[in-house]
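Peer 1: For the sequence shown, my numbering gives the first residue as 1400, with consecutive numbering after it.
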Amino acid sequence: MPTYTINFRNVELPVIFKTDVCVVGGGSAGTAAAISAARKGAKVVLVERGISLGGLATQGCVFPCMPTFIDGSDTPYITDLNKRMAKQGAPISLGIDTDTYYGGGRGQYVPEYLTMTYEEMCAEAGVEILYNASLVGTVQEKGKIVDCVIQTPAGLGKIRAKVFIDGTGDALLSRFANVPTEKGSEKTGRNQPMSLRFEMGGIDVERVYRFFSQDLKDDYGKDFFQIIEKAIKENRPPFFEFAKWKKNKDFFEAGVAKGEVTEDDILYIQVFAIPGKPTVMSMNCPELPPLTYSSTDAISASRAVSFGRRMMRHLATFFIKNIPGFEKAYISREASMIGVRESWRIRGKYYMDAEDYLKARHFADAVCRTAYPIDIHDVKLDLFKKLEKGQYYEIPYRALVTDKVSNLIVVGRCASGSFAAQASFRIQPTCMSMGEAAGIAAVWGLSHNIEVNAVQWDKIPASERSYVSEG
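1. Within its chain, find whatever has a CB closer than 6 angstroms to the CB of tryptophan 1856; leave out the 5 residues flanking it on each side and keep chain order.
2. Please go through the stretch 1661-1701 and give each complete beta strand (DSSP E) segment of 3 or more residues, from N-terminal end onward.
3. Please state whether the Cβ-Cβ distance between methionine 1831 and serine 1427 is less than 7 angstroms.
4. By the three-class DSSP mapping on this structure, what secondary structure does threonine 1769 have?
5. In the DSSP assignment, find the alpha helix (DSSP H) that holds leucine 1845 and state where it starts and stops.
6. For valine 1842, which residues in the same chain have their Cβ closer than 6 angstroms to its Cβ, ignoring the five residues on either side in sequence?
7. Restricting to Cα atoms, I'd like to know which of Gly1453, Ser1865, Val1443, Ile1558 is closest to valine 1766.
8. Buried or exposed: which applies to asparagine 1848, given that a residue is buried once 16 or more other Cβ atoms fall within 10 Å of its Cβ?
9. Between Ala1853, Ala1837, Ser1846, which has its C-alpha nearest aspartate 1802's C-alpha?
10. Note down the Cα distance separating glycine 1658 from isoleucine 1719, rounded to an integer number of angstroms.
11. Have a look at the DSSP bridge pairing and note the partners of leucine 1534.
12. Does the beta-carbon of tyrosine 1692 have 16 or more other beta-carbons within 10 angstroms, so that it is buried, or is it exposed?
13. Determine the closest residue to threonine 1340 out of Arg1768, Phe1818, Leu1845, with distance taken between C-alpha atoms.
14. Which whole-angstrom value is the C-beta distance of valine 1679 and isoleucine 1602, which I expect to be below 8 angstroms?
15. May I ask you to list the residues that DSSP assigns as paired with tyrosine 1729?
16. Three-state secondary structure (DSSP) at leucine 1513?
17. Once the 5 residues before and after aspartate 1498 are set aside, which same chain residues still bring their CB inside 7 angstroms of it?
18. Grab the span of the alpha helix (DSSP H) containing isoleucine 1434 for me, first residue to last.
19. What are the boundary residues of the beta strand (DSSP E) that includes phenylalanine 1563?
20. Since arginine 1797 sits in a beta bridge, which residues does DSSP pair it with?
21. Go to alanine 1941, then tell me how far its alpha helix (DSSP H) extends in each direction, as first and last residue.
22. Considering only C-alpha positions, which residue in the set Glu1662, Val1739, Phe1706 is nearest to serine 1694?
23. Taking threonine 1478 as part of the alpha helix (DSSP H), name the residues at either end of that continuous run.
24. Just to confirm the assignment: which complete beta strand (DSSP E) runs, minimum length 3, are found wholly within the stretch 1579-1650?
25. So the candidates are Gly1536, Lys1727, Glu1733; which of them puts its Cα closest to the Cα of cysteine 1351?
26. Taking the Cβ atom as the reference point for each residue, do methionine 1520 and alanine 1728 lie within a distance shorter than 7 angstroms?
27. Determine the direct distance from the alpha carbon of lysine 1758 to that of glutamate 1869, and round the result to whole angstroms.
28. Can you round the beta-carbon distance between glycine 1844 and glutamate 1850 to whole angstroms, since I take them to be within the 8 angstroms contact cut?
29. What does phenylalanine 1706 pair with, by DSSP beta-bridge criteria?
30. Taking only the alpha-carbon atoms, compute the straight-line gap between glutamine 1507 and asparagine 1406 and give it to the nearest angstrom.
31. How about the stretch 1414-1430 and the stretch 1520-1531: do they share at least three Cβ pairs that are nearer than 8 angstroms?
32. What separation, rounded to the nearest whole angstrom, lies between the Cα atoms of aspartate 1649 and arginine 1448?
33. For the stretch 1459-1469 and the stretch 1536-1550, state whether three or more C-beta atom pairs, one from each stretch, are separated by less than 8 angstroms.
34. Determine the direct distance from the alpha carbon of asparagine 1634 to that of asparagine 1590, and round the result to whole angstroms.
35. Is the CB-CB distance between threonine 1537 and phenylalanine 1575 below 7 angstroms?
36. Using 7 angstroms as the threshold, is the C-beta distance between asparagine 1871 and valine 1562 below it?
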């Protein structure tokens, strides 16, 4: 799926919008692209299948967004977003443990506030948001997408645009346009495992912290420990996380022995306090067994939701029964979108690979920088590769475009790259910066009569670009 068997060229459908730029997918990358293009003066329509912007950050309960681990990675869009989110009263990033945690801090974006902030930014820029709209096809002529076909509650319709931006995460628009794609690991064929995240409320977060730091002897590092203790002294809820690792694995495995959880349930455990929600913690688990469930198989991905929900219940019950501070806890929110780390990726003009990361390559046409590790959740593969302090690599604009479709830009986790490369560039801030650059490039191309796949990012004046490589 999709099978590309429906030809919409000769099907009479209403044209819902005629616009300069159509962005499909209102996640971290797509929303950034839409806002950036509109701020540059383009008429923009943003198509979103749900009823909130933010994608996995909001609908998927993915909190916090992972850090880039390098200074200078915050592009203007991210800086603006951080200032707006700071007004909600929660710290945006924490500069902690400076020996290992250097720059590009975690974004403490409370999901509900993030959705509202995105809508505010869209309204100010003049972006037309079309909610409850799912992409079902394209109409193409002479190597261009002319229309994208969408399903709405009112029926099928078309959006006609000069430039299209694929922010679907699954390269769906690209696949409908017959852009070459690939999926999964080159070694195993498997996708990264999915998660079904949730939140629990009614938690005494300080007691949870004391249990893991004192009873289970978890080591949070000197700098991080001081920040946590300072928050507690100031009567503020501390930000910290607990996870299953070698020092506390016996605690979780005891739950398996007692029949309270399964090996699958505790395969990956990671839980974060949420500064903007004092009694709530965000669960980066359960993680679905990758040998059983695939993000690129529709039936498998659907079954994964039900299985994940059962795992969620097991974990919540186990936490309530065994972790001090969870006695009065309850499931307060369940993700409305399954957490996909990786699915389809395009083959673009430039193909990112692990060597780009490991050799910390820079590009003249770079649209962003990151040092986030090659983070693969698979016990059969290398899990984690990390650059030296101060090193980073860049993502070139050419990884966002393809020779196959001249008016298409692809942003986010489905940009052009290998399985390993994508395991690094898939994080939210990097996706935002890709989207920001795409919006700028789209308008630059339109205003200079250049196809977007022929735009030379490094030829755009530095003052007009969101990111300029230092070489």
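The C-beta atom is built at its ideal place from N, Cα and C for all residues, glycine as well. None of the values given here were measured: they were computed from a predicted structure.
Peer 2: Reading from the atomic positions:
1. Asp1764, Tyr1796
2. 1669-1673, 1676-1682
3. yes
4. Here threonine 1769 sits in strand by DSSP.
5. 1827-1846
6. Ala1436, Lys1439, Ala1441
7. Ser1865
8. exposed
9. Ala1853
10. 15 angstroms
11. Ile1549
12. Here tyrosine 1692 is buried. Its C-beta has 16 or more other C-beta atoms within 10 Å.
13. No information on residue 1340 is available, as it lies outside the stretch 1400 to 1870 that the chain covers here.
14. 7 angstroms
15. Gly1600
16. helix
17. Any reading at aspartate 1498 must be qualified, since the residue scores a pLDDT of 38, below 50, and its modelled position is unreliable; the value itself is stated next. Once the five neighbours on either side are set aside, aspartate 1498 has no close Cβ partner at all.
18. Segment 1427-1438, the alpha helix (DSSP H) holding isoleucine 1434.
19. 1554-1565
20. According to DSSP, arginine 1797 bridges with nothing at all.
21. Absent from the structure is residue 1941, since the part of the chain shown begins at 1400 and ends at 1870.
22. Val1739
23. 1475-1485
24. Runs found: 1580-1582, 1597-1600, 1640-1642.
25. What the structure shows of the chain is the stretch from 1400 to 1870, and residue 1351 is not part of that stretch, so it cannot be assessed.
26. no
27. When rounded, the distance between both Cα atoms is 16 angstroms.
28. 6 angstroms
29. The partner list for phenylalanine 1706 (beta bridge, DSSP) is empty, contrary to what the question assumes.
30. 44 angstroms
31. Between the stretch 1414-1430 and the stretch 1520-1531 there are three or more C-beta pairs closer than 8 angstroms, enough to call the two in contact.
32. 42 angstroms
33. Segments in contact, no.
34. 43 angstroms
35. Yes, they are a contact pair.
36. Because the chain in this structure spans residues 1400 to 1870, residue 1871 falls outside the shown range and cannot be described.
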